[in-house]
Each structure stands twice: as C-alpha cells, then as structure tokens.
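A.B. asks: Take 2 as the starting number for the sequence shown in our numbering and just add one per residue. Glycine included, C-beta positions come from ideal geometry on N, C-alpha and C.
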Amino acid sequence: MLKTAWLIPLIPAISSVLILAFGKRLPRKGAEIGIAALAAAFVLSVIAGYEWVGEHVPRHPVKSHATWFEMGGIEIGVGIHIDGLAVMMLLVVSFISLLVHVYSTGYMHGDRRYTYFFAALSLFTASMLMLVVADNTLQLLVAWELVGVCSFMLIGHWWEEQNNSDAAIKAFLTTRTGDIGLMLGIVTLFFAAGRNFEIENLNRMALNGQIGHGLLLAGAALLFLGVMGKSAQFPLHVWLPDAMAGPTPVSALIHAATMVTAGVYLVARTNVLFAMAPTSSAIVAGIGALTALFAATIGLKQYDIKKVLAYSTVSQLGYMFLGVGTGAYVSGVFHLATHAFFKALLFLGAGSVIHAMHHAYHATHSHEDAQDMRNMGGLRRFMPLTFALMVAATLAISGIPPFSGFFSKDEILAAAFARGGDTPVYYLFYAMGLLAALLTAFYMARLIAMTFLGEHRTGERERAHLHEAPWVMTGPLVVLGVLSVVGGLLNLPAFAGGSHLLEHWLEPVTAPAAAFVQVELPHGATELFLVGAAVLVGALGLYAGVRVTLGRRILPAREAPADRGLGLVLSRKYYVDEIYDALIVRPTVWLSRVVLWRGVDQGMVDGAAVNGTARLSQGLGWIGSRLQTGQVGVYVVLFLVGALWVLRAMSR
Numbered sequence: 002m003l004k005t006a007w008l009i010p011l012i013p014a015i016s017s018v019l020i021l022a023f024g025k026r027l028p029r030k031g032a033e034i035g036i037a038a039l040a041a042a043f044v045l046s047v048i049a050g051y052e053w054v055g056e057h058v059p060r061h062p063v064k065s066h067a068t069w070f071e072m073g074g075i076e077i078g079v080g081i082h083i084d085g086l087a088v089m090m091l092l093v094v095s096f097i098s099l100l101v102h103v104y105s106t107g108y109m110h111g112d113r114r115y116t117y118f119f120a121a122l123s124l125f126t127a128s129m130l131m132l133v134v135a136d137n138t139l140q141l142l143v144a145w146e147l148v149g150v151c152s153f154m155l156i157g158h159w160w161e162e163q164n165n166s167d168a169a170i171k172a173f174l175t176t177r178t179g180d181i182g183l184m185l186g187i188v189t190l191f192f193a194a195g196r197n198f199e200i201e202n203l204n205r206m207a208l209n210g211q212i213g214h215g216l217l218l219a220g221a222a223l224l225f226l227g228v229m230g231k232s233a234q235f236p237l238h239v240w241l242p243d244a245m246a247g248p249t250p251v252s253a254l255i256h257a258a259t260m261v262t263a264g265v266y267l268v269a270r271t272n273v274l275f276a277m278a279p280t281s282s283a284i285v286a287g288i289g290a291l292t293a294l295f296a297a298t299i300g301l302k303q304y305d306i307k308k309v310l311a312y313s314t315v316s317q318l319g320y321m322f323l324g325v326g327t328g329a330y331v332s333g334v335f336h337l338a339t340h341a342f343f344k345a346l347l348f349l350g351a352g353s354v355i356h357a358m359h360h361a362y363h364a365t366h367s368h369e370d371a372q373d374m375r376n377m378g379g380l381r382r383f384m385p386l387t388f389a390l391m392v393a394a395t396l397a398i399s400g401i402p403p404f405s406g407f408f409s410k411d412e413i414l415a416a417a418f419a420r421g422g423d424t425p426v427y428y429l430f431y432a433m434g435l436l437a438a439l440l441t442a443f444y445m446a447r448l449i450a451m452t453f454l455g456e457h458r459t460g461e462r463e464r465a466h467l468h469e470a471p472w473v474m475t476g477p478l479v480v481l482g483v484l485s486v487v488g489g490l491l492n493l494p495a496f497a498g499g500s501h502l503l504e505h506w507l508e509p510v511t512a513p514a515a516a517f518v519q520v521e522l523p524h525g526a527t528e529l530f531l532v533g534a535a536v537l538v539g540a541l542g543l544y545a546g547v548r549v550t551l552g553r554r555i556l557p558a559r560e561a562p563a564d565r566g567l568g569l570v571l572s573r574k575y576y577v578d579e580i581y582d583a584l585i586v587r588p589t590v591w592l593s594r595v596v597l598w599r600g601v602d603q604g605m606v607d608g609a610a611v612n613g614t615a616r617l618s619q620g621l622g623w624i625g626s627r628l629q630t631g632q633v634g635v636y637v638v639l640f641l642v643g644a645l646w647v648l649r650a651m652s653r
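(1) Apart from the five residues on each side of it in sequence, which residues of its chain come closer than 8 Å, Cβ to Cβ, to I36?
(2) State the CB to CB distance for the pair A296 and S281, rounded to an integer number of angstroms; the pair is presumed to be in contact (CB under 8 Å).
(3) Mind checking whether V265 and S232 have CB atoms under 8 Å apart?
(4) Does the beta-carbon of I306 have 16 or more other beta-carbons within 10 angstroms, so that it is buried, or is it exposed?
(5) Using 8 Å for Cβ pairs, my map puts S17 next to A144. What's the rounded Cβ distance?
(6) Determine the DSSP secondary structure at W623, reduced to helix, strand or coil.
(7) Rounding to the nearest angstrom, what Cα-Cα distance links A415 and E369 in this structure?
(8) For P13 and V134, which I take to be in contact (beta-carbon distance under 8 Å), what is that distance rounded to the nearest angstrom?
(9) If T176 sits next to L224, beta carbons under 8 Å apart, how far is it from one beta carbon to the other, in whole angstroms?
(10) Which residue from R458, E71, Q619 and T527 puts its Cα closest to that of E560?
(11) Go through the stretch 104–173 residue by residue and report every complete run of the alpha helix (DSSP H) that reaches 4 residues or more, in order.
(12) Taking the beta strand (DSSP E) that S232 falls in, what are its first and last residues?
(13) Does DSSP put T298 in a helix, in a strand, or in coil?
(14) Going by C-alpha distance, which of L569, A583, Q303 and S500 is nearest A446?
(15) Taking one C-beta from the stretch 320–334 and one from the stretch 501–521 each time, how about it: are there three or more such pairs within less than 8 Å?
(16) Tell me which residues share the same chain as G287 and place their Cβ nearer than 8 Å to its Cβ, disregarding the 5 neighbours each side in the sequence.
(17) Please give the ranges of any beta strand (DSSP E) in the stretch 352–397, keeping only runs that are unbroken, at least 3 residues long and fully inside the region.
(18) Going by C-alpha distance, which of L569, S652 and P62 is nearest I299?
(19) Please name the residue, chosen from E76, H61 and R60, that lies closest to A67 on a Cα-to-Cα basis.
(20) Which of the three DSSP states is assigned to D582 in this structure?
(21) Suppose the cutoff is 6 Å on Cβ atoms and the five residues either side in sequence are ignored; what does the same chain contact list for W7 look like?
(22) So does the stretch 350–367 actually touch the stretch 534–551, counting three or more Cβ pairs closer than 8 Å?
(23) Residues in the same chain with beta-carbon distance under 7 Å from G421, minus the five sequence neighbours each way, listed in chain order, please.
(24) If contact is defined by three or more beta carbon pairs under 8 Å, each pair taking one atom from either stretch, is the stretch 461–477 in contact with the stretch 369–385?
(25) Considering only the alpha carbon of each residue, which of F70, I83 and G55 lies closest to K4?
(26) Within 10 angstroms of its Cβ, does T475 collect 16 or more other Cβ (buried), or is it exposed?
(27) Given this structure, state the Cα-to-Cα distance separating K171 from R60, to the nearest angstrom.
(28) Short of 6 Å in beta carbon distance, which residues of its chain neighbour T339, apart from the five on each side in sequence? Order them along the chain.
(29) Within this structure, are the beta carbons of F348 and A253 separated by less than 8 Å?
(30) May I ask which residues mark the beginning and end of the alpha helix (DSSP H) holding E412?
(31) Please state whether DSSP places W646 in a helix, a strand or coil.
(32) Comparing alpha-carbon positions, which option in L274, W240, R196 and M377 lies nearest T511?
(33) If you pair each beta-carbon of the stretch 113–125 with each one of the stretch 145–154, do three or more pairs fall below 8 Å?
(34) Quick check on the DSSP output: the beta strand (DSSP E) that includes W69 runs from which residue to which?
(35) How about the stretch 573–580 and the stretch 229–248: do they share at least three Cβ pairs that are nearer than 8 Å?
(36) In chain order, what residues of the same chain lie with their CB nearer than 8 Å to the CB of G350, ignoring the 5 residues before and after it?
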C-alpha cells in the first residue's frame, strides 16, 4: 500500500468527477459517491499506517517517482513520498473529511447545489491529500493552489449573497498574496538545490552544506510568507474569519484538516531548512506567538459563534507555529492532530446549533440572526448531547487534563520555555503563549455560557422548534468527542505514564533537524511547575469566562447596546480590515481607476495611440482630398511647381 499511496488522493479526485457526471441521477444526489470515496481513502490510509509500523517495513521513506516531462534540461516529475509524517496526515485528513461528508448530508439537505457541494468537497480533500504525499515542491505547489481554488468555490457556495462572494474573493486574494512568497521561495530553493524540485534532495543538500546560509534563510523566509497566507498568520489572517460565510461543514474542514494546516505541514516537511536557518525559525515562532495572543484577544468580543471559533483557529495555528518555530516539530504536529479533533467537533457542534436556530426561526418566520450568541442561551435543555460534546471540546482546547489539547499545548509551552535558556526571546514567546491560553479558556467559556447556559433568548415561539440535529449529524460529533478526550494518547508524555508514541513515529522525519536544534523538555520540578501553571491558567480562564458572562444580563442582539472603548476595538478586530482598506485597497483602486484606466488606458492608449492614429490618418486623408480636386488646371499648376522645384534642385 505504501508504494501505491497515490491511490489515496486519486480516489476522492475521481469521485469528484463522478459526482458531477452522475450525482443528480442517484438517490443521495452524489453524496454516497463522496462518502464511499473518503471511506476508501481512510481505509487505505489505515493500511498504509499499519504497513509503516510493521516489523518488515523499513523506517526510511517509501518513494515512487516518475518523469512527467523535460523542458530545457529540467526534469518536471510527479511522485509520492511516504513517511511517518505523511501517514499521520493522511489518516487525519481522510478521517476528518469522512466525518464532514457524513455530517454534510444532514446539514446541506435541500440545498439547491447539493451535488456540486459534494463534488467540490471531495476535490478539496483530494487536493490536500495530494499536497501531503507530494515528493517535490512543484507538485506541492500545484496541490497548494488547488486547495485555494476549492476553498474559493466552497466559501462562496451561496454566492447569491454579496457577503459570501466577497468573503470568497477576500480569501482567494489574501492567500494568493502569500503564495507570491511561496513561489519565489520554491524558485530560490530550486536553483539553490541544483535545479531540482525534490524535497528530499533539497533537505540532503542543505544538510551537506551545499546550500549557502543566505539562500537557506531567504528560501525559508519566502516559504513562510506563503505559509502565513494559507495558515492565516498575522498580518495575513484577515481572510479566515470572513470565510465563515461558507457552509459550516466547509468551515470545519478548512479549520480542522485541510488548507490552514497545510502551512504547518510544509514547515514540518522542510524542517531541515528552518533548523539550519535559526533566524527564520525565530521568525516563525515569534509570528506564531503574536498571532496566538492577537487572535485570542479578538475572540473575547465576537458574537457570531462561528467567528469566535474562527479566531480560535487563528490562535491555535499560532501555537502550532510557536511549536515548529521553537524546534519542537513533533509538538507542533501533535497539536495539529489534537486540534483537528476538538476544532472539528466545535465547528460541527456549532453547525448543529445553527441548524436548530435556523429551523426555529424559519418555522416562526423570524428574521433574527441564527448565528449570534446573544440570540441563544439555555440551549442545553433542548440540545443536551451537543452541549456535553461541546463542553468536552472546550475543555480540550482550554488545556484541561486529561483532554487531548492539554498534552499538545503543554508540550509547546514547555518547549518554548526550554529554548529560553539559550535564546531569551523565547521566554517572551512562552509568556505570550501562556497569556493566550488564559484568553482561550475565557472566550470558550463565554461561548458555552452565552449559547447553552443562562436564560433562553431565542424567543418563546421558537422553543417548540428547538431540538437536537438528526443522527447523521450527531453521530460524527460523538466520534469526535471521544477523540477529543483520548487524543492525547497519541503522544502521552512520561509523567503521565506514556512513551511519547508520536515522537518515535516521527523521529525519522525530525532527526536531521534535531542535530541542529535540540529542544530538551524540562523534567522534574520544573516540568511539574510548567504543567501546573498551564492547568491553572486554563481553569482560571474557564471560571472567569462563565462568571463574567453570566454575571450580568445578556440582551438579544436587537436590544444589545453598541460596544464602546476597548470592547469596540476588539469587536472591530483592531480595525485591521479598515487599515488595509485605507492603505492598500483604496490606493490600489485609485491607481487602477485614475492612473491606469483613465490616464494610461483611456488617455494614452485609446486617446493618443488608437484615437490619435485614427485622427492623424483622417487628417492626412482630408489633406489628400483637398489636393484631389478633379480640376485639370490645378493639376497642371502643381505639376509645373514640382517640375520647377526639381530643376532648381538639379541646378545646384
């Protein structure tokens, strides 16, 4: 299976075509094709994982490469590179996507473009799976861009509403901005590696000292620019909260297993480049810590339930980059996996809440916002299962033991603290991460309290229509709930009786980088102190979040007063969008409209060149028409004048 792992992305890709071709003729309108394809991809991923850990399978990567074509002496190839990191990502992506596909059959029921949705969803997953197995940067770039195109289609699925179309365009353009850096980084490293795109060759040449430090630093920094766009790191984070305009299953897939995690995977895959360029690693860690704290503060004053979770994702991605930037690559990837479990649960749980709210408001012909938490409250009485599962996910993301998020987040913070001994700036990164953990617990407790606790604010008429989602939606939630609780077993630390399973699994991938960046996690009293501090911070955040939220009356959205002061700044997301609009969007529009369109296009091209040439030809024609009078006497006079001028010239 390892040698034929190319089947794993191929099957969902083929299913996308089949859904478009035959989906509308099938009982489930093509959903059954997508679910079957993802189930097959997951089973093949499980088989690949079993073979990877088998006794007779070597731990070195399994590769398969073929030449696509040659151009100017440069080989353009396609291939797969399967190792522990790729296998783990295949399992996570295919499994989460399978659950999202099943969930979507209930959530998207009755949608006018139901078949198209499942075709795009399958292609989205196939693109991410192709990115994971790619053995060269050019193939990775193709998959990277396909992920972006699919996200554009899915975010703008309900394109009839202007906000949805704007969100899709914003996501596409913002991530393309980062992709300029990615493409420049790929080109830089292509020439640095002897005109070769293969990732393994790139890492090998870097280890052998065949690539200069300057080129490594430039290449890694440019790659990270692309990562910042795709994984929504400050200041290119602005697209991800607006992407919530798409259907909730899309949000879950983007945030949990595809697209935004692609950046973390790319840094982990090219860890040697970042390890040998410590400045670039410090930049990655610093941007990650800043993003984690920055996004967490914004999450404190959001009212749309999906936007709270969106800024939560931005913040948690910051933690992942803090981990990989610190050199704790396993910790960063570990948090990627646990985050996939509890964030998918949170988004799909929020989708169930929105589904119930929409149903209630539709039944009573109300036009209130079904996603505004101020219109909720007391929903645990109507949706007890969703409430219990979302509480479990909240405890996980808040870092409360023994839930999965505790182990992965604790490792990242401990690694940042450990690096502070050699590079003091990492102490600052640790403090920023710890403060972000406090704020994370606070805004997640606020979400639970506003949505499920306190007085009911949806409306008296709506109560009779509030209920749990159908089993096809709650089933995936239960599975994710179990994983959110036990997911920490993937890399259970020694103090908890574990053996760091994931660390041994990924050791062949991270060992080369470990020779340059060694992160010795604290032991003994220091380790227990750091663990205790992380748990205390999470518990305080949860307690404060519930007390502060329920300590005063929450008014429905239509009656709530406008935010003021710092609350207004946070609810408006520090006015980053407005700043971009003033500094980038408006000047670009002015340059395009006034200078390029009116000045260059209309004035110079149309006016001076095209219309000017026409007027010149018209003028010359007019002069010619005046000379061609048809009167013989005029022609004789002109002939004599010409003859006299020629004779005069000859006489000289």
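C.D. replies: According to the structure shown:
(1) L99, H102, V103 and T106
(2) Contact flag wrong, Cβ pair sits at about 22 Å.
(3) yes
(4) buried
(5) Not a contact, Cβ separation roughly 14 Å.
(6) Helix.
(7) 45 Å
(8) About 13 Å separates the two Cβ atoms, so there is no contact after all.
(9) No, T176 and L224 are not in contact; Cβ-Cβ is about 14 Å, not under 8 Å.
(10) R458
(11) Fully enclosed alpha helix (DSSP H) runs of no fewer than 4 residues occupy 115–134 and 138–156 of the stretch 104–173, in order along the chain.
(12) No beta strand (DSSP E) contains S232, which DSSP labels as neither H nor E.
(13) helix
(14) Q303
(15) yes
(16) Apart from the 5 residues on each side of it in sequence, G287 sits with its Cβ closer than 8 Å to the Cβ of G326, V426 and F430 in its chain, given in chain order.
(17) Segments of the beta strand (DSSP E) lying fully in the stretch 352–397: there are none.
(18) L569
(19) E76
(20) helix
(21) I81
(22) no
(23) Y427, Y428 and Y431
(24) yes
(25) I83
(26) buried
(27) 42 Å
(28) S405, G406, S409 and G488
(29) yes
(30) S405 to R420
(31) helix
(32) L274
(33) yes
(34) V63 to M72
(35) yes
(36) T387, L390, M391, A394 and L478
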